[in-house]
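Chains as they are written, first to last, in my numbering: chain A, 1 to 160; chain B, 1 to 159.
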């Protein structure tokens, strides 16, 4: 299964959704797809989708997926990285009315340069990226949370 | 164990962030609950989770029409929560909705810890830019961000 999440921002991300629907409709993608489409306006014809699923369902569905295709939100990317999923991320762009600015491009570029994910800026390259994901050597994400919290605790304990 | 109890008795921590990605990052600090007396403040949304020891304030973004009215509302909500809880330390991952609480914290000489968003690599958030001037401890999650915040601590991401 391919799990798709387009985030919870109050903006559409029809550009990615339409491309996925097209690839599925043409049977270029043969796997089953589930998409959480959030505030997108386009209604997919060939893809199983819901606006939002609860946190647990979200986790479960992502767990089952072989491939995660996501917008460039840090929450979604990190969640998928922790589950050691193959990830393709497409940044939302300001010029298409998909976000307030282009910070998602920074995120996607940074993670893809480090080989944690495959980044796709132009949705026309999505098909190629899906093929590439089969053989791509994804880098494993190592959590820094423990180190971060330890530093924070020592700062808290130094207070007063 | 004795140490834990000592901490619990001594320090109250306010963990505050806007909804969405900022709050996701804040939840990475949930483990602080094991050692300290912690409460959360975040924006009210349709998809809220974390309900225990959490206060909700009005959701805001800087592009909305009622921005001025809403920031005043948030300010009063923040005062109420702040006076009730009297935190010793305020920790935030941004954004806009946390500014009133940080100003209150500054006025009452509380320790202010700000963590700039993981989502920014090559530019500052407006909130980070403002709070950098008066926070006590400022973290950046990407080394590149030290160019904007030279006095910040880089200790890797919260994730």
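Even glycine gets a Cβ: it sits at the ideal position worked out from N, Cα and C.
- Per DSSP, the beta bridge partners of residue 67(A) are 2(A), 86(A).
- Of all alpha-carbon atoms in 158(A), 89(A), 11(A), 22(A), the one lying nearest the alpha-carbon of residue 137(B) is that of 158(A).
- As computed with DSSP, residue 49(A) is found in a beta bridge with 35(A).
- Scanning the stretch 20 to 54 of chain B from its first residue to its last, the whole beta strand (DSSP E) runs of 3-plus residues come out as 37 to 43.
- Taking CB atoms only, residue 106(A) has a neighbour in chain B less than 8 angstroms away.
- Contact check for residue 98(A) against residue 12(A) passes: the beta carbons are separated by less than 8 angstroms.
- Around the beta carbon of residue 60(B), 16 or more other beta carbons lie within 10 angstroms, which makes this residue buried.
- Residue 144(B) and residue 150(B) have their C-alpha atoms roughly 10 angstroms apart.
- Within the stretch 85 to 115 of chain A, the runs of beta strand (DSSP E) that reach at least 3 residues and sit entirely inside it are, in chain order, 86 to 90.
- Nearest Cα to residue 4(A) within the set 40(A), 148(A), 10(A), 27(A): 40(A).
- One thing to note: residue 158(B) has its Cβ no nearer than 8 angstroms to the Cβ of residue 111(A).
- Residues of chain B whose Cβ lies closer than 8 angstroms to the Cβ of residue 119(A) do not exist; the shortest such Cβ separation is about 13 angstroms.
- Residue 148(B) has a beta carbon lying at 8 angstroms or more from every beta carbon in chain A.
- The criterion of a C-beta distance shorter than 8 angstroms is satisfied by residue 37(A) and residue 6(A).
- For the C-beta of residue 110(A), the chain B residues within less than 7 angstroms are, from N- to C-terminus, 121.
- Listed along the chain, the chain A residues whose CB falls inside 9 angstroms of the CB of residue 159(B) are 74, 78, 81, 82, 141, 143, 144, 145, 148.
- Contact annotation, residue 118(A) with residue 132(A): C-beta distance approximately 6 angstroms; criterion of less than 8 angstroms satisfied.
- The residues 94, 125, in chain order, have a CB closer than 6 angstroms to that of residue 117(B) in the same chain once the five nearest residues on each side in sequence are set aside.
- Taken atom to atom, the span from the alpha-carbon of residue 82(B) to that of residue 112(B) is near 14 angstroms.
- If you compare the alpha carbons of 64(B), 28(B), 135(B), 129(B) with that of residue 79(A), the shortest gap goes to 28(B).
- Counting C-beta atoms within 10 angstroms of its own C-beta, residue 74(A) has 16 or more neighbours from the protein chains shown and is therefore classed as buried.
- Taking C-beta atoms as the reference points, residue 20(A) and residue 33(A) count as a pair closer than 8 angstroms.
- According to DSSP, residue 137(B) shares a beta bridge with 113(B).
- Under the 8 angstroms criterion on CB atoms, residue 11(B) is classed as interfacial with respect to chain A.
- For residue 78(B), the enclosing alpha helix (DSSP H) covers residues 67 to 85.
- Under the 8 angstroms criterion on CB atoms, residue 145(B) is classed as non-interfacial with respect to chain A.
- Ranking 152(B), 110(B), 121(B) by CA distance to the CA of residue 160(A) puts 110(B) first.
- In this structure, DSSP gives residue 40(A) a state outside helix and strand, which the three-state scheme calls coil.
- Under the DSSP assignment, residue 16(A) falls outside any beta strand (DSSP E), being part of the alpha helix (DSSP H) whose first and last residues are 14 to 25.
- For the stretch 91 to 104 of chain A, the set of residues with a beta-carbon nearer than 9 angstroms to any beta-carbon of chain B comprises 100, 101, 103, 104, in chain order.
- Proximity of residue 28(A) to chain B, defined by a Cβ-Cβ separation below 8 angstroms, is not satisfied.
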